[in-house]
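S.K.: Can you keep this structure in mind? I'll have questions shortly.
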Amino acid sequence: MRVLRAAFEPIGRSTLALLEYLGGLALLLWDGVWWMVVGPLRGKGRIRREESFFQMRRLGIDSLGIVALVIFFVGVILAFQMAYVLKTLGVTEYVANITGVAMTREMAPLLVAMVMTGFSGAAITAEIGTMVVSEEVLALETSALNPVRFLVVPRVLASMVIMPFVSLVATYIGIAGGFFVGNALLGIEAEKYLSRTLDSLKYKDIFTGLVKAEAFGVLVALIACHEGFHVTGGAEGVGRATTNAVVRSIVAIIVCDALFTAFFYYFL
Amino acid sequence: MTPPSTEARARGSRRTDEVVIEVKDLHVAFDGRPVLAGVDLRVYRGETLVIMGGSGCGKSTLLRTMIGALRPNRGKVVLLGKDLHALDEDGLDALRKRFGILFQSGALYNSMTVGENVALPLREHTSLDEAIIRIMVKMKLELVGLRDFESLVPSQISGGMRKRVGLARALALDPEIIFYDEPGAGLDPVVAGVIDKLIADLSRKLGVTSIVVTHEMGSAFRVADRMVMLYEGRVVAEGPPEAIRATADPLVRQFIHGEPDGPIPLRRSKTDYAEDLLA
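Protein chains in written order, with numbering that gives the first Met the number 0: chain A, 0 to 267; chain B, 0 to 278.
So this is what it looks like as structure tokens:
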């Protein structure tokens, strides 16, 4: 009996903790959506438009440089790895097809989400966490300013708007990385490379990529806000929460990606 | 209950007999450890009530429960005629616009300028014209003597100034009650004195009810119309400043004179020392 207990108790406990965490995220999402749609309609408080634009710039535009750098090299790597296999089959030019599809459907949204997690997710957690520690969040609440409307809505909204855009830009740059390898190093003619890329891409590829980007965008912002609000214990707590935000976001993105990919594979 | 003291009346206290806050049999516990163990308290409109006590006596918890940030395990808080913890979010928000809080560190929004901090409640909760809001911000900042600092951000001003801006922000919606959480903490004596003077001025000029939570006795005696001492989660003394100062109660005497020896023990451990060592 005691052995059984020792074996199953930790499993039960971590399952409960996970469910509680997911419940917390779901509640925050619900609250966020409420303040995005229902609240403003009922005149309970408008969406902070300026703050949302500011967050869009911070989350999206400011991260474009690093996103471009990373995704270009991912395109380069992808093209080389594909060429390594395809060369033996004598169909090196298929590098164009594969890079195009993989970038659009998978690599661009995934890598943009990863960069965003480190770039802006961590910053959001640190910012909100510091506000909790310095009683700013309590000050908002006691001034009848809902912290979800005030802090979560602009960040999640900005992330929702900007992620598909950044992902689209990243797709182009990633394909450019593949093109660079294919054209300059593997000797595939430019026209052939481009027409192969375009021919192999369907609208649904672009659509699924954008859906993923949107979902990841919400996840990153939501988890970052959630971690920020749950900071306890001063500066040390802020540091811990920031680490948690990054780790949990990465896990959430990968799991979510796997689910989406399987779904799209079978149903689209 | 007790009429305003002669000292308080001399200072121009505007205390009336209307009860604005009533705390009844308040119990709050964290993880089963009781912090407030049955606090009863009344605050009258226009008075300045000082809640004093050592660190860990529960005064911050009492403050937080009184502003609706913490939920009591038992008892209730009636604030401006409403049972605070029975209100829904909308009712609570309506009530929150009628009181202001000066937080210990000022709690200014660091991403906004001083002016924007003060303007925020006005922008969010009123439909006033931007031009009028700008004038009101100047007026509130003038009250705390910082009109020229409107365009600076909180990181550019000193701790004392941040508190004064926090006070200006708390005053933005012309609240009926202001809560002060350790107004003198971390300030040099002159700045702390300035804050005390502001508290007294606001109460006298605007008739605001003030609740000041502090452990700094100089400041407490300067601003109080009435004082309450909290010890181990209970009210152990209550009265006008002169009565508190003249009290024979050894507990209160030890606290207001800051004596190391007395009924307030240095050691907080409840277990037996020898037993603990041998365990």
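Note that the Cβ used here is the ideal one computed from N, Cα and C, for glycine as well. Computed from a predicted model, the values in this text were never measured in an experiment.
By how many angstroms is the C-alpha of Cys224/A removed from the C-alpha of Leu119/B?
M.R.: Start at 1 with the first residue of the second sequence, and residue 119/B comes out as number 120. Start at 1 with the first residue of the first sequence, and residue 224/A comes out as number 225. Taking the straight line from one Cα to the other gives about 22 Å.
S.K.: Just reading off the beta strand (DSSP E) that Leu25/B is part of, what are its end residues?
M.R.: Within the second sequence, numbered from 1, the residue matching residue 25/B stands at position 26. Start and end: 18-29.
S.K.: Within 10 Å of its beta-carbon, does Gly23/A have 16 or more other beta-carbons around it, so buried, or fewer, so exposed?
M.R.: Against the first sequence, residue 23/A aligns to sequence position 24. The residue is exposed, with fewer than 16 neighbouring Cβ atoms inside 10 Å.
S.K.: Residues of the segment 88-106 of chain B with a CB closer than 9 Å to any CB of chain A: list them in chain order, please.
M.R.: Here the close residues are Glu88, Asp89, Leu91, Asp92, Ala93, Leu94, Arg95, Lys96, Phe98, Gly99, Ile100, Phe102, Gln103, Ser104, Gly105, Ala106.
S.K.: Please report the residue range of the alpha helix (DSSP H) in which Glu88/B lies.
M.R.: What you label residue 88/B is simply residue 89 of the second sequence in a count that begins at 1. Note, Glu88/B: alpha helix (DSSP H), 88-95.
S.K.: Can you tell me which of the three DSSP states Phe178/B falls into?
M.R.: Position 179 of the second sequence holds residue 178/B. Here Phe178/B sits in strand by DSSP.
S.K.: Output, in chain order, the set of chain B residues within a Cβ distance shorter than 7 Å of Ala143/A.
M.R.: What you label residue 143/A is simply residue 144 of the first sequence in a count that begins at 1. Within chain B, the residues near Ala143/A are Asp92, Arg95, Lys96, His124.
S.K.: Could you pull out every unbroken alpha helix (DSSP H) segment of at least 4 residues lying fully inside the segment 88-142 of chain B, listed in chain order?
M.R.: Qualifying alpha helix (DSSP H) stretches, in chain order: 88-95, 113-124, 129-142.
S.K.: Can you list, in chain order, the stretches of the alpha helix (DSSP H) that have 4 or more residues and sit fully within the segment 44-106 of chain A?
M.R.: Counting whole runs of 4 or more residues, the segment 44-106 of chain A contains the alpha helix (DSSP H) stretches 48-58, 63-88, 93-101.
S.K.: What are the boundary residues of the beta strand (DSSP E) that Glu237/B is part of?
M.R.: Along the second sequence, one-based indexing puts residue 237/B at 238. Glu237/B -> beta strand (DSSP E) spans 233-238.
S.K.: Between Ala95/A, Val66/A, Val168/A, which has its C-alpha nearest Thr196/A's C-alpha?
M.R.: For the purposes of this step, residue 196/A is taken as the residue at position 197 of the first sequence. Ranking Ala95/A, Val66/A, Val168/A by Cα distance to Thr196/A puts Ala95/A first.
S.K.: Using a 10 Å radius around the Cβ and a threshold of 16 neighbouring Cβ atoms, would you call Gln155/B buried or exposed?
M.R.: By 1-based counting over the second sequence, the position of residue 155/B is 156. Per the 10 Å Cβ criterion, exposed.
S.K.: Starting from Ala234/A, find everything on chain B with Cβ-Cβ shorter than 8 Å and list it in chain order.
M.R.: The residue labelled residue 234/A in the question sits at position 235 within the first sequence. Ordered by position in chain B, no residue passes the 8 Å Cβ test against Ala234/A, which lies about 13 Å from the chain.
S.K.: Verify the CB distance criterion: does Ser194/A have a CB-CB separation below 8 Å to chain B?
M.R.: Indexing the first sequence from 1 puts residue 194/A at position 195. So no, Ser194/A is outside the interface.
S.K.: Can you tell me whether Asp361/B is buried or exposed, with buried defined as 16 or more other CB within 10 angstroms of its CB?
M.R.: Chain B is shown only over 0 to 278; residue 361/B falls outside these bounds and no answer can be derived.
S.K.: What is the residue span of the alpha helix (DSSP H) that Ile249/A lies within?
M.R.: The residue labelled residue 249/A in the question sits at position 250 within the first sequence. Here the alpha helix (DSSP H) through Ile249/A covers 233-266.
S.K.: Grab me the residues of Ile222/A's own chain with a C-beta within less than 8 Å of its C-beta, minus the 5 sequence neighbours each way, in chain order.
M.R.: For the purposes of this step, residue 222/A is taken as residue 223 along the first sequence, with counting starting at 1. Taken in chain order, the residues that qualify are Leu24, Gly120, Ala244, Arg247, Ser248, Ala251.
S.K.: Among Arg95/B, Pro33/B, Leu94/B, Leu145/B, which has the Cα closest to the Cα of Gly114/B?
M.R.: As a first step, residue 114/B must be located in the second sequence, where it is residue number 115. Taking only the C-alpha atoms, the option nearest Gly114/B is Leu145/B.
S.K.: Might you give, ordered along the chain, the residues of its own chain that have their beta carbon closer than 6 Å to the beta carbon of Tyr272/B, omitting 5 neighbours on each side?
M.R.: By 1-based counting over the second sequence, the position of residue 272/B is 273. For Tyr272/B, where only same-chain residues beyond five positions count, there are no Cβ hits under 6 Å.
S.K.: Three or more C-beta pairs under 8 Å: does that hold for the segment 227-235 of chain A against the segment 167-178 of chain A?
M.R.: The segment 227-235 of chain A vs the segment 167-178 of chain A: no contact.
S.K.: Does any CB atom of chain B fall closer than 8 Å to the CB of Leu150/A?
M.R.: As a working mapping, residue 150/A is identified with position 151 in the first sequence. Output row for Leu150/A: interface = no.
S.K.: Mind pulling the chain A residues with CB within less than 8 Å of Ile66/B?
M.R.: Counted from its first residue, the second sequence places residue 66/B at position 67. Here the neighbours are Thr141.
S.K.: Would you say Gly208/A and Thr98/A are within 8 Å of each other, going by their C-beta atoms?
M.R.: To locate residue 208/A, count along the first sequence from 1; it is residue 209. To locate residue 98/A, count along the first sequence from 1; it is residue 99. For Gly208/A and Thr98/A, no; Cβs fall outside 8 Å.
S.K.: Please report how far the alpha carbon of Ile10/A lies from the alpha carbon of Tyr20/A, in whole angstroms.
M.R.: Here residue 10/A refers to the residue found at position 11 when the first sequence is read from its first residue. Here residue 20/A refers to the residue found at position 21 when the first sequence is read from its first residue. Roughly 15 Å separates the two Cα atoms.
S.K.: Leaving aside the five residues before and after Phe263/A along the sequence, list all residues of the same chain whose C-beta is less than 6 Å from its C-beta, in chain order.
M.R.: Reading the first sequence from its first residue, position 264 is the one you call residue 263/A. Closer than 6 Å at the Cβ level, and outside the excluded window around Phe263/A, lie Thr207.
S.K.: For a cutoff of 8 Å on Cβ pairs, would you count Tyr272/B as touching chain A?
M.R.: The residue given as residue 272/B occupies position 273 in the second sequence. It does not; no Cβ of chain A falls within 8 Å.
S.K.: List the DSSP bridge partners of Pro33/B.
M.R.: Counting from 1 along the second sequence, the entry for residue 33/B is found at position 34. BP columns for Pro33/B point to Ala28/B.
S.K.: Taking 7 Å as the limit between beta carbons, can you name the residues of its chain near Thr213/B, skipping five residues before and five after?
M.R.: Your numbering for residue 213/B matches position 214 in the second sequence. Val49, Met51, Glu181, Pro182, Gly183, Ala219, listed in sequence order.
S.K.: Can you name, in chain order, every residue of its own chain whose Cβ lies under 6 Å from the Cβ of Ala220/A, other than the five neighbours on each side?
M.R.: As a position in the first sequence, residue 220/A is number 221, starting the count at 1. Closer than 6 Å at Cβ, skipping near neighbours: Arg154, Val155, Ser158.
S.K.: Do you know whose CA, among Pro71/B, Pro174/B, Leu62/B, Arg63/B, lies nearest Asp30/B's CA?
M.R.: Counting from 1 along the second sequence, the entry for residue 30/B is found at position 31. The shortest Cα separation from Asp30/B among Pro71/B, Pro174/B, Leu62/B, Arg63/B belongs to Pro71/B.
S.K.: Put Asp275/B into one of helix, strand or coil per three-state DSSP.
M.R.: Walking along the second sequence from the start, residue 275/B turns up at place 276. Note: Asp275/B maps to helix in three-state DSSP.
S.K.: If the cut is a Cβ gap below 8 Å, which residues of chain B does Ser133/A touch?
M.R.: By 1-based counting over the first sequence, the position of residue 133/A is 134. Neighbours of Ser133/A on chain B, chain order: Ser104, Ala106, Asn109.
S.K.: May I have the straight-line CA-CA distance separating Phe228/A from Thr91/A, to the nearest angstrom?
M.R.: For the purposes of this step, residue 228/A is taken as the residue at position 229 of the first sequence. For the purposes of this step, residue 91/A is taken as the residue at position 92 of the first sequence. One C-alpha to the other measures close to 51 Å.
S.K.: Quick one: any contact between the segment 231-251 of chain B and the segment 34-41 of chain B, if contact means 3 or more CB pairs under 8 Å?
M.R.: These segments touch.
S.K.: Is there contact between the segment 60-78 of chain A and the segment 164-172 of chain A, where contact requires at least three CB pairs shorter than 8 Å?
M.R.: Enough Cβ pairs lie closer than 8 Å, so yes.
S.K.: If you follow the beta strand (DSSP E) that Lys75/B is part of, which residue opens it and which one closes it?
M.R.: As a working note, residue 75/B is residue 76 in the second sequence. First-last of the beta strand (DSSP E) with Lys75/B: 73-78.
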